[in-house]
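Chains A and B supply the protein sequences, listed in that same order.
For the first sequence, this note's numbering assigns the number 3 to the initial residue and increments by one for each residue that follows.
For the second sequence, this note's numbering assigns the number 3 to the initial residue and increments by one for each residue that follows.
Just so you know, even glycine gets a beta-carbon here, dropped at the ideal spot from N, CA and C.
Note that the structure is predicted; figures quoted are calculated from it, not measured.
Protein chains: 2
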Amino acid sequence: MNELFSNRISGVAPSFIREILKVAVDPAIISFAGGLPNRDLFPVEALQQATNDLFNEDGKDILQYSSTEGYLPLREMIACDYRRKGLEISVDEILITNGSQQGLDLLGKVLINEGDEVLIEEPGYLGAIQAFEVYSAKFKPVPVGQDGMDIDALQDTLKTTQAKLIYTVPNFQNPSGISYTNENRQAVADCLSKTKTLLIEDNPYGELRFSGEEKRSFKAFLPEQTILLGSFSKTVVPSFRLGWIAAPKALMEKLVIAKQAGDLHTNYFCQRVLHRFLKDNDLDAHIKKIIGVYGKQKQVMENAIKRCFPKQVTYLNPEGGMFLWVTLPEGMSAMTLFEKAIKDKVAFVPGDPFYVTKRDLNTLRLNFSSVDPDVIEEGIKRLGKVLHELLDN
Amino acid sequence: MNELFSNRISGVAPSFIREILKVAVDPAIISFAGGLPNRDLFPVEALQQATNDLFNEDGKDILQYSSTEGYLPLREMIACDYRRKGLEISVDEILITNGSQQGLDLLGKVLINEGDEVLIEEPGYLGAIQAFEVYSAKFKPVPVGQDGMDIDALQDTLKTTQAKLIYTVPNFQNPSGISYTNENRQAVADCLSKTKTLLIEDNPYGELRFSGEEKRSFKAFLPEQTILLGSFSKTVVPSFRLGWIAAPKALMEKLVIAKQAGDLHTNYFCQRVLHRFLKDNDLDAHIKKIIGVYGKQKQVMENAIKRCFPKQVTYLNPEGGMFLWVTLPEGMSAMTLFEKAIKDKVAFVPGDPFYVTKRDLNTLRLNFSSVDPDVIEEGIKRLGKVLHELLDN
């Protein structure tokens, strides 16, 4: 069979996270490894109501095939929300996808030839690395820190590359939780405006801000070259797999062809349910509730870290999102820590999968959105104990 | 923007059907062009019940992220149904996809390098042509007729190709409605068993048989080389976008990697609803109802054709499915007929898009599943009138 596989898939390994987490199935393990929203916040009753209303009023229509682009009134809502934020994006520029992950796949499909260069944040979102790796992209990492992208490094990289794409998560980045300042966005845009590189602004967590001020979208700084990816997974529910791409019309035409060849269209039933839910409910109020819970959980984790971790261990303080990024003392391997921590029944994701070249790193990602406060306390205590043991050796 | 597009997408044209049907939006037009199941047969109440039961019992769980492979009990049901039909397929060999169209996309992704040869039925399913075209496959058409694939043509083609894949819809094929006899399947399998070519048996309509006897799956004739694609779109509802791939384990491993990189997993909420619906309802009885309606509509169409079409126009008589395939007299273009028919407010799909090389053909596809009997009568009458006019000129 092996000789039949395409070149593009032969080199792609099974997900690192999937593999390492196979050891973490023990229910006694406290896991900060996930990337899940908190299930206690899912709007179960409101979604049930929306579903019943639709079945009662439009039962047959919601069950038929539909259009590749997606349900028009849902796309209108997305366009309207952008308008509210000062971005003019027409309905024709919006395609509903199976989560924003499919947005990445479609962009890879219509843009990347084998060996094409793609700039990516380092550390960066594993799912983007996987999506573009399947199209045999050649990654050029650009470091990100507390304020955003390293502009010197970006300038240096642009001198020697003709990258088609640059991938960013400028708000509460996965994995590091950092956000780009407005000044950093402007500087990134200034660099890119001299190139043909398209910038992907992936924004799954943007609404989940619990401190600081909202930043401006790259679309405002670099309108012709920016592609926006959005998702309802973190603000409503993930199981519906509903996200979108907002892209300039010439690109959208190709994306629609690829989407049609790929799966005809996104689940129409759930597009209708989501639209009805959004029409009949106050999403802003719902998001405020999520922010309240995540903000508190982040604070509990931070306080516990201050109390339990050795002083040599540092972390970045996120203003929103779901993740907190930890840096161990130089030379200490997060993989080694992971192996010891699992024995003490606590799990996290070591930094390695978020880098395209480096390995055996001293960074790790902690998720606070899906773990209750008292469990966070206990988990951080366990992790602190392992850290102290490792450092004392 | 154009210079940024990947080679794979640059050559792919927008869907021919999509384009030609833009002229058919007038509601006064009777359309035999669609490929839609009959919406009056959707099990609305039973699906509403299943959904409510799930919301009431498991509200949070059905809304969270889930596994790439799909909901295990749903995959078990699919394996069980294969077992009932005498095919041993393990749960590990089944992946839930966004409709079987995504199955085609994933197979293209993990198997096809640029220029790889793919054998395809002629006429053949447009969606398969589109899916593999995106991966720059080189198509080798093999004609199909009333009894299945042209074995001489297949043997000839195999002499000069090293095709990785052969794509078939052996039951009530789209577009021609034909089915492969058991003898034809055996002969196809005999040819392929000497090669490494993988056979795709796409079977969206297999359950919808209204006459004749059930045929054996290619999996029984060619077990190591057969990949099965299935779908709930024609037996339950299409808007859920739920299908599956059943493939040997070595291939499945790669498909799961591609699926994860492509969209993480299929809509989990609808997987749960579908599973609950199947658990609490008698699918066989529901399918029997569909068969009753489609069988009748097929008969009405056939009778109307006999009455209204010129004798020189012939058709293939399907034993199931949703389509009836018409052949015009030699030299008469179905595209020309289409243009005239639209003016008389009746639409169909000309044969052209179902062929990978030939153009301006004298064949066309009529759909009978989504049109009511009295409308079928009227539509065929209109089409007969146009045919007579064309022939009399």
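Residue i classed as buried or exposed, judged by whether at least 16 other C-beta atoms fall within 10 angstroms
i	result
GLU123 of chain A	buried
CYS272 of chain A	buried
GLY101 of chain B	buried
VAL27 of chain B	exposed
ALA287 of chain B	exposed
PRO143 of chain A	buried
SER235 of chain A	buried
THR228 of chain B	buried
ALA252 of chain B	exposed
ASN4 of chain A	exposed
GLU119 of chain B	buried
ARG85 of chain B	exposed
GLY333 of chain B	exposed
ASN176 of chain B	buried
Length of the line joining the Cα atoms of residue i and residue j
i	j	result
LEU363 of chain A	SER17 of chain A	18 Å
VAL358 of chain B	LYS298 of chain A	59 Å
TYR67 of chain A	TYR270 of chain A	7 Å
ASN305 of chain B	ARG278 of chain B	40 Å
LEU65 of chain B	LEU74 of chain A	23 Å
GLN314 of chain B	VAL377 of chain B	24 Å
VAL136 of chain A	CYS310 of chain A	41 Å
SER178 of chain A	GLU209 of chain A	17 Å
ALA155 of chain B	PRO352 of chain A	56 Å
LYS221 of chain A	ILE96 of chain A	14 Å
VAL238 of chain B	ASP284 of chain B	11 Å
SER2 of chain B	GLY214 of chain B	Missing from the structure shown is residue 2 of chain B; chain B here goes from 3 to 395 and no further.
ILE424 of chain A	TRP327 of chain A	Since the first and last residues shown for chain A are 3 and 395, residue 424 of chain A lies out of range.
HIS390 of chain B	GLU255 of chain A	40 Å
LEU89 of chain B	GLY105 of chain B	20 Å
LEU108 of chain A	ALA260 of chain B	13 Å
SER92 of chain B	GLU71 of chain B	13 Å
ILE131 of chain B	GLY110 of chain B	11 Å
GLY13 of chain B	SER138 of chain B	9 Å
ASP265 of chain A	ILE19 of chain B	16 Å
THR338 of chain B	ASN115 of chain B	37 Å
Residue range of the beta strand (DSSP E) that includes residue i
i	result
PRO143 of chain B	140-147
LEU385 of chain A	Where LEU385 of chain A is concerned, there is no enclosing beta strand (DSSP E), although the alpha helix (DSSP H) it sits in stretches over 375-394.
PHE7 of chain B	Unbroken run through PHE7 of chain B: none, as it is neither H nor E.
ASN54 of chain B	Premise fails: ASN54 of chain B lies in the alpha helix (DSSP H), 46-60, not in any beta strand (DSSP E).
ILE2 of chain B	In this structure chain B extends from 3 to 395, so residue 2 of chain B is not present and cannot be described.
ILE168 of chain A	167-170
Three-way DSSP call (helix, strand, coil) for residue i in this model
i	result
ARG41 of chain B	helix
PRO355 of chain A	helix
ASP204 of chain B	strand
VAL190 of chain A	helix
ALA349 of chain A	strand
VAL328 of chain B	strand
MET303 of chain B	helix
ILE180 of chain A	coil
LEU368 of chain B	strand
LEU318 of chain B	strand
SER17 of chain A	coil
ILE32 of chain A	strand
Residue interval of the alpha helix (DSSP H) (run including residue i)
i	result
THR2 of chain A	There is no way to answer for residue 2 of chain A, as the model of chain A reaches only from 3 to 395.
Worksheet entry | 3-residue-minimum beta strand (DSSP E) runs that sit fully inside the segment 212-298 of chain B, ordered along the chain | 228-233, 244-248
Item to complete: Scan the segment 74-137 of chain B and note each continuous alpha helix (DSSP H) run of 4 residues or more that stays entirely inside, going in chain order.
Response: 74-86, 101-113, 128-135
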